[in-house]
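Asks: Take the sequence shown: its position 95, counted from the start at 1, is 95 in UniProt numbering, and no numbers get skipped. In this text, a Cβ means the ideal position worked out from N, Cα and C, and glycines have one as well.
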Amino acid sequence: MYLNYSIASKTLNLSLTHIFTLLIIFKMEKSSRLVSSLVLLMLILLATEVGPMAVEGRTCETKSSEYKGICLFDANCDSICKVEPGFDGGHCHGFFRRCYCTKPC
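(1) Please go through the UniProt domain "Knottins-like" (59-105) and give each complete alpha helix (DSSP H) segment of 4 or more residues, from N-terminal end onward.
(2) Give the DSSP-derived three-state secondary structure of Leu-41 in the structure shown.
(3) Answer yes or no: do Cys-60 and Tyr-67 have a C-beta to C-beta separation smaller than 8 Å?
(4) Between Phe-95, Ile-44, Arg-97, Thr-62, which lies nearest to Cys-82 when the distance is taken from Cα to Cα?
(5) Just mark Gly-86 as buried or exposed, buried being the case when its beta carbon has 16 or more other beta carbons within 10 Å.
(6) Spatial neighbours of Ile-70 within its chain, please: CB distance less than 6 Å, with the 5 preceding and 5 following residues excluded, ordered by chain position.
(7) Please go through the same chain and pick out, in chain order, the residues whose beta-carbon is closer than 7 Å to the beta-carbon of Tyr-100, but skip the five residues on each side of it.
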């Protein structure tokens, strides 16, 4: 179970373990609270360094105009599609095993 917390357009995902750790830190005495605060600050800084992961765009598929017959091997389909203009690869799929060329949308 996670809790999402936003700070200045950055979202932190806090699990129950993190929440319980924070509660324990705030119940400590003043002498150890400073050390705990520094550790907490370091954890927050490290968590924000991870940042969001980049998301790739969608991949569009089009039936190959050059490939003839039943598509049995992805490598053959891929090499044919790379020759077709605008496509960067391809693979076999479907009930009738056709070659579909792929490109970023």
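Replies: Considering the structure as presented:
(1) Within the UniProt domain "Knottins-like" (59-105), the complete alpha helix (DSSP H) runs of at least 4 residues are 74-83.
(2) Collapsing the DSSP output to three states places Leu-41 in a helix.
(3) no
(4) It is Lys, not Cys, that sits at residue 82 in the sequence shown. Lys-82 has its Cα closest to that of Thr-62, out of Phe-95, Ile-44, Arg-97, Thr-62.
(5) Counting Cβ neighbours within 10 Å, Gly-86 comes out exposed, since fewer than 16 surround it.
(6) Arg-97
(7) Glu-61, Thr-62, Lys-63, Ser-64, Gly-90, His-91, His-93
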